[in-house]
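So the sequence shown is residues 26 to 227, counted in our numbering.
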Amino acid sequence: MAARFVYWMNVSLDLMIEGEPGEEGGGDWMRIGESLHREFNARARGLSMDVSGRVIYETMESFWPKARTDSSLPDFMREYGEIWTDVPKVLVSRTRTSADYNTRIIGGDDAIAQLAALRAEESGDIGVGGATLATQLLNAHLLDEVMLFTHPAILGRGRPLFDQVDEPLELELLEQATFEAGVTLHRYAVRGALQADEVPGP
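Following this line, the structure appears as structure tokens:
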């Protein structure tokens, strides 16, 4: 059975993923307490693979490999460091030629076609990180699910959850939950996502 691309992200009420550049890793407006972080850990542990663009990959790369052995951090953060380091990862980049931590690189003009092939070949849920990449997958009808952790803040500016979307798309609510400090989870299936046998060949 083909894999599923799942775009998961912390967002504000006005669907911004950062108010200032570099906040994908955690702006002051994000209310990430222990119970929510443990939820992140459980969701991340359930992924078969992680795919991300260069900006968010390098944000993660700069912190989480060191976090796994940092005794000054709480156990749930060290645990996430282990999960991120160990999970198979794909970095989508035109500029990077090497990466550690169980990561392979996809690049070039046919990167989305390569990801379509990956989705057809693999199984399980593949996490997607980065608005640019998620938008490209959405416009190619390859994004299967959107999972939002919404924080009670209105930023009024910054980086939106998606860039320019080619056409309206409908979603179907799969799950919702509430966490401490007013953070909510909403999981949506993307209607019209292509099945593996419907994706055009190269």
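C-beta atoms are modelled at their ideal positions from N, C-alpha and C, and glycine is treated no differently. These numbers come from a predicted model, not from an experiment.
- Taking 4 residues as the minimum length, the alpha helix (DSSP H) runs contained wholly in the region 51-137 are 59-70, 79-86, 89-92, 100-111, in order along the chain.
- The beta carbon of G78 sits closer than 6 Å to the beta carbons of V117, G155, T157, L158 from its chain, once the five residues preceding and following it are set aside; these are given in chain order.
- Judged by DSSP secondary structure, L158 falls within the alpha helix (DSSP H) whose first and last residues are 156-164.
- When secondary structure is reduced to three states using DSSP, R212 falls in the strand class.
- For H166, same chain residues with a beta-carbon under 7 Å away, outside a window of 5 residues either side, are G217, A218, L219 in chain order.
- Judged by DSSP in its simplified three-state form, R29 adopts strand.
- For L180, the secondary structure class from DSSP, reduced to helix, strand or coil, is coil.
- A138 and T122 have their C-alpha atoms some 19 Å from each other.
- In terms of Cα proximity to T128, the closest of L168, L199, T120, T110 is T110.
- Per DSSP, reduced to three states, the secondary structure at Q139 is helical.
- Under the three-state reduction of DSSP, E205 is assigned to helix.
- The three-state secondary structure of E170, taken from DSSP, is strand.
- The beta-carbon distance between A69 and Y105, rounded to whole angstroms, is 7 Å. This is short enough to meet the 8 Å contact definition.
- When only Cα atoms are considered, R63 and L168 end up about 25 Å apart.
- Within 10 angstroms of the beta-carbon of A28 lie 16 or more other beta-carbons, which makes it buried.
- Cβ contact annotation for H211 (same chain, cutoff 6 Å, sequence separation greater than five): L173, Q201, in chain order.
- Taking 9 Å as the cut-off, the beta carbon of M41 is found closer than this to the beta carbon of R182.
- Here DSSP, grouped into helix, strand and coil, assigns E147 to coil.
- Cβ-Cβ separation between L162 and L140: approximately 7 Å, consistent with a contact (criterion under 8 Å).
- Within the DSSP bridge table, the entry for V190 names no partner.
- Exclusion of the five residues before and after A214 leaves E170, E197, L199 as the residues of its chain whose Cβ lies within less than 6 Å of its Cβ.
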